[in-house]
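If you read the sequence shown in full-length UniProt numbering, its first letter stands for residue 1, the second for the next number, and so on.
Following: one structure in structure tokens, then a few remarks.
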Amino acid sequence: MAAVRVCGGRTARSLERMRPHRARLAAGALSLAFLVTCSAPERHPRATRQYRAVLHPAVLRPVIVSRAVWRADEGAVREKPVYDSGVRAVFIHHTDNPNDYDCKRDVPAMLRAMEQEHIAQGWDDIGYNFVVDRCGGIYEGRAGGVDRAVQGAHTEGFNIGTVGIAALGHFDAGQPLPQPMLQSIAEIAAWKLAPDVDAAGKVRLVSSNDLSRFRRGTAVKVNAISGHRDVFQTDCPGAALYAALPWIRRTAEELRRSATWAGNRPPPVPVRTPHPAPPAPAPPR
Numbered sequence: 001m002a003a004v005r006v007c008g009g010r011t012a013r014s015l016e017r018m019r020p021h022r023a024r025l026a027a028g029a030l031s032l033a034f035l036v037t038c039s040a041p042e043r044h045p046r047a048t049r050q051y052r053a054v055l056h057p058a059v060l061r062p063v064i065v066s067r068a069v070w071r072a073d074e075g076a077v078r079e080k081p082v083y084d085s086g087v088r089a090v091f092i093h094h095t096d097n098p099n100d101y102d103c104k105r106d107v108p109a110m111l112r113a114m115e116q117e118h119i120a121q122g123w124d125d126i127g128y129n130f131v132v133d134r135c136g137g138i139y140e141g142r143a144g145g146v147d148r149a150v151q152g153a154h155t156e157g158f159n160i161g162t163v164g165i166a167a168l169g170h171f172d173a174g175q176p177l178p179q180p181m182l183q184s185i186a187e188i189a190a191w192k193l194a195p196d197v198d199a200a201g202k203v204r205l206v207s208s209n210d211l212s213r214f215r216r217g218t219a220v221k222v223n224a225i226s227g228h229r230d231v232f233q234t235d236c237p238g239a240a241l242y243a244a245l246p247w248i249r250r251t252a253e254e255l256r257r258s259a260t261w262a263g264n265r266p267p268p269v270p271v272r273t274p275h276p277a278p279p280a281p282a283p284p285r
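Printed below as a string of structure tokens:
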């Protein structure tokens, strides 16, 4: 199996101080038998009516394979997790692996190799918060708790208040994009973004150092779901996956609008007059 490489092939050095996050994993973790298998592209029914009010997600958590299940080396993880107050943006990556892996047989070993490589780079743990395989399986990446805003080590200068989602594989121009993978990426983004963030809109972030495309302290307006290349000199997440980001944004926002409310916060009052939803775009292939 080919060695795991950092998104965009950049493995030369640790670019900034990135802390690890130890997960406190519950007993009875999800069995590997529940890993998602590849399937034909799914077609999602079109909504017939939609309210303009943004309904924030409360019950959107997808099924996630824990670190215990893919057997992360917790003894190799250094430091304690760093937590942010919330998630303002999501950055999409690809891991630059070959795409012909078997989702059930190969992925756990690929994740362990990735963890070891990232630790060797000085990042203390796997850099990404989540990894998605080509069959749509979602894996816990950096330790610290999937329900919390764990600060990762995925996007130079923009790790604070963001989540890094890595597509397992290489998705440059001409590479096919598995629909289950795209759907799972949208589901994680819909779940993790803060309630007041429009998944299809833009947010304001501030660069934390001088090593990204923007000098330290520079305020930048980016898409709430962006590609690694938007803020760093890299081709990541590959031309094909980058071209699919508009579909991922729309899908994530649709999921948030249709989410069932739960918890202590009341839902916002929707606009009285509904409007027809635009035609659903065909998912990228």
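Even glycine gets a Cβ: it sits at the ideal position worked out from N, Cα and C.
Q) Is the stretch 76 to 88 touching the stretch 111 to 130 in the sense that three or more CB pairs, one from each, lie closer than 8 Å? A) yes
(Q) With a threshold of 7 Å on Cβ separation, who are the neighbours of residue 150 within its own chain once the five nearest residues in sequence on each side are excluded? (A) Within its own chain, the residues whose Cβ lies closer than 7 Å to the Cβ of residue 150, once the five positions on either side in sequence are excluded, are 21, 81, 83, 129, 142 and 144, listed in chain order.
Q) With residue 60 and residue 259 assumed to form a contact (beta carbons below 8 Å), what rounded beta-carbon distance in angstroms separates them? A) Between residue 60 and residue 259 the beta-carbon gap is near 5 Å, inside 8 Å, which marks them as a contact.
Q | Assigned secondary structure, residue 307 (DSSP; H/G/I helix, E/B strand, else coil) | A | Here the chain covers residues 1 to 285 and nothing more, so residue 307 does not appear.
Q: May I ask you to report which of helix, strand or coil DSSP gives residue 218?
A: coil
Q.
Just checking: is the beta-carbon of residue 252 within a distance shorter than 7 Å of some beta-carbon in chain B?
A. In summary, chain B is missing from the structure at hand, where a single protein chain is found.
Q) Terminal residues of the continuous beta strand (DSSP E) containing residue 242? A) No beta strand (DSSP E) contains residue 242, which is instead part of the alpha helix (DSSP H) from 239 to 243.
Q: In the DSSP assignment, find the beta strand (DSSP E) that holds residue 138 and state where it starts and stops.
A: 138 to 140
Q.
Once DSSP output is grouped into helix, strand and coil, what is the label at residue 162?
A. strand
Q: Have a look at 167, 157 and 63 and flag the residue whose alpha-carbon is nearest the alpha-carbon of residue 211.
A: Ranked by Cα distance from residue 211, the options 167, 157 and 63 are led by 157.
Q.
Helix, strand or coil, according to DSSP, for residue 78 in the structure here?
A. coil
Q. What distance in whole Å lies between the Cβ atoms of residue 87 and residue 350, which are believed to be in contact at a cut-off of 8 Å?
A. Outside the displayed range of the chain (1 to 285) lies residue 350, so it cannot be described from this structure.
Q. Residues bridged to residue 131 by DSSP?
A. 139 and 166
Q.
Buried or exposed, going by whether 16 or more other CB atoms sit within 10 Å of the CB of residue 169?
A. buried
Q.
Considering only their Cβ atoms, is the gap separating residue 94 from residue 214 smaller than 7 Å?
A. Contact: no.
Q: Decide if the stretch 230 to 237 is in contact with the stretch 177 to 194; the criterion is three or more beta carbon pairs, one per stretch, under 8 Å apart.
A: no
(Q) Measuring alpha carbon to alpha carbon, tell me which residue in 154, 73 and 97 is nearest residue 116. (A) 73
Q) Do you know offhand how far residue 327's Cα is from residue 243's? A) Because the chain spans 1 through 285 in this model, residue 327 falls outside it and cannot be assessed.
Q | residue 71 to residue 140 span [Cα, whole Å] | A | 11 Å
Q) Expressed to the nearest angstrom, what Euclidean distance is found between the alpha-carbon atoms of residue 68 and residue 131? A) 15 Å
Q.
So, for residue 222: in the same chain, excluding its five sequence neighbours on each side, which residues have a beta-carbon less than 7 Å away from its beta-carbon?
A. Residues of the same chain with a CB within less than 7 Å of the CB of residue 222, apart from the 5 flanking positions on each side, are 89, 202, 203, 205, 230 and 231 in chain order.
Q. Apart from the five residues on each side of it in sequence, which residues of its chain come closer than 7 Å, Cβ to Cβ, to residue 30?
A. Annotation note: pLDDT 35 at residue 30 (below 50); position unreliable, no value reported.
Q. From the DSSP output, which residues share a beta bridge with residue 192?
A. Paired residues: none, contrary to the question.
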